[in-house]
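In our numbering, the protein residues as written are 96 to 449.
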């Protein structure tokens, strides 16, 4: 378990839980975005949902204590609990339907379980939606009205804030930028089963897969690449980025295709939503300007003039705590009565979502 703690301070707070396929995270977050505690443990999906959920709620209790909140006082001390997780899910009923990264998690009433555990109101949202809300309320999108958020990691997720409101769609799973088509009849997307999705080209998993295919083809034609010195089972997106920086021709081509298609996907989103800011997070963005610079340049050249001029493309600020900050943001948004005269960043969602 890893932990982070700041001295507790006066102000409304929420318990935030983030459910990932690799790790679980929990923290107590104030309304201004101050993280009072932050804890993580492995998910261990192979142990099944009951064990993982028990670990999650125990972690939440530890996060309360680390923030100076007696778990027995949670109903009085907290506004509530926010939970972020990959979908499909039902954000109205608070049910995890069948998240592919959590095998065996079928129709889990996770908000009911959280309410029973902590005695507080609880809300659930897609982790991409939560990430967008977190960057808008606490991070790189603070003070804006229109935001597009992508997390470029193992897969590609994301969410949207439109005119100061988090977008969820009719069934609560709206906002899947990873599954816009960037290459008709292209590579198979392992998440949705369609072909040509952005995720099938620009996610960390897909960058590695494309690099492995390229290494095999190069070997068949007697071509040399530094990537051939890495076992194919261990070759990752970070290796491709590093080799491209060093000028390896094969890696440069793979990386260029990545930035080209990421820019094409973002161009469609920029033209559609005309956001003030596009926020990119996730492990692939650790390459920094190697990714950001060509993507910015291509979007500026491809997008329609007014949309291109309006949109800044920036890196997310949440870091390792992005999931917890996102879960906190949706809790503040959905558990606070709407005041339509509020400034951007403090607006809450409609009560019908509770």
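Ideal Cβ positions, reconstructed from N, Cα and C, are used throughout, including at glycine.
Here the structure is a predicted model, which means the values were calculated and not measured.
> Relative to the C-alpha of residue 107, which residue among 403, 339, 175 is closest?
Replying inline: Distances from the alpha-carbon of residue 107 to those of 403, 339, 175 put 175 closest.
> Between the C-alpha atoms of residue 378 and residue 248, what's the straight-line distance to the nearest angstrom?
Replying inline: As the crow flies, the alpha-carbon of residue 378 is around 5 Å from that of residue 248.
>> Helix, strand or coil for residue 122? Go by DSSP, reduced to three states.
In response: Strand, per DSSP.
>> Here's a check: name, in chain order, each residue in its chain whose Cβ is nearer than 8 Å to the Cβ of residue 253, leaving out the five neighbours to either side.
In response: Cβ within range, chain order: 223, 226, 227, 243, 244, 245, 246, 270, 271, 272, 273.
> Between the C-alpha atoms of residue 327 and residue 307, what's the straight-line distance to the nearest angstrom?
Replying inline: Going by the C-alpha atoms only, they are around 6 Å apart.
> Skipping 5 residues on each side, what residues in its chain have a beta carbon closer than 6 Å to that of residue 233?
Replying inline: Around residue 233: 128, 420.
> In angstroms, rounded to a whole number, what distance separates the CA positions of residue 159 and residue 179?
Replying inline: Each residue's alpha carbon lies about 18 Å from the other.
> Which two residues bound the contiguous beta strand (DSSP E) that contains residue 331?
Replying inline: Where residue 331 is concerned, there is no enclosing beta strand (DSSP E), because DSSP gives it neither an H nor an E.
>> Here's the rule: buried if 16 or more other CB atoms are within 10 angstroms of the residue's CB, otherwise exposed. What is residue 241?
In response: With 16 or more other Cβ atoms within 10 Å, it is buried.
> DSSP on residue 296, reduced to helix/strand/coil?
Replying inline: When DSSP states are grouped into helix, strand and coil, residue 296 belongs to the helix group.
>> Restricting to Cα atoms, I'd like to know which of 199, 235, 136, 130 is closest to residue 372.
In response: The shortest CA-to-CA distance from residue 372 to any of 199, 235, 136, 130 is the one to 235.
>> Quick check on DSSP: helix, strand or coil for residue 440?
In response: Residue placement at residue 440 is flagged as unreliable, the pLDDT there being 42, under the threshold of 50; a coordinate-derived value is accordingly withheld.
>> By alpha-carbon positions, which one of 201, 200, 215 ends up nearest to residue 207?
In response: For residue 207, the nearest C-alpha among the options comes from 215.
>> Does the segment 143-162 come into contact with the segment 405-417, if we say contact requires no fewer than three beta-carbon pairs (one atom in each stretch) closer than 8 Å?
In response: Not touching, per the Cβ criterion.
> Beta-carbon separation of residue 416 and residue 130 under 8 Å?
Replying inline: Contact: yes.
>> Threshold first: 3 residues or longer. Then list the beta strand (DSSP E) segments lying entirely within the segment 312-390, N to C.
In response: Those beta strand (DSSP E) runs which fall completely within the segment 312-390 and span 3+ residues are 372-376.
> So what does residue 110 bridge to, in DSSP terms?
Replying inline: Bridge partners of residue 110: 123, 176.
> In this structure, does DSSP put residue 204 in helix, strand or coil?
Replying inline: If DSSP states are grouped into helix, strand and coil, residue 204 belongs with coil.
> Is the Cβ-Cβ distance between residue 250 and residue 300 less than 8 Å?
Replying inline: Their beta carbons are under 8 Å apart, which means residue 250 touches residue 300 by this criterion.
>> Here's a check: name, in chain order, each residue in its chain whose Cβ is nearer than 6 Å to the Cβ of residue 256, leaving out the five neighbours to either side.
In response: 227, 231, 242, listed in sequence order.
> Would DSSP call residue 187 helix, strand or coil?
Replying inline: In the three-state reduction of the DSSP assignment, residue 187 falls in the coil class.
> Rounded to a whole number of angstroms, what is the C-alpha to C-alpha distance between residue 363 and residue 189?
Replying inline: Each residue's Cα considered, the two are about 31 Å apart.
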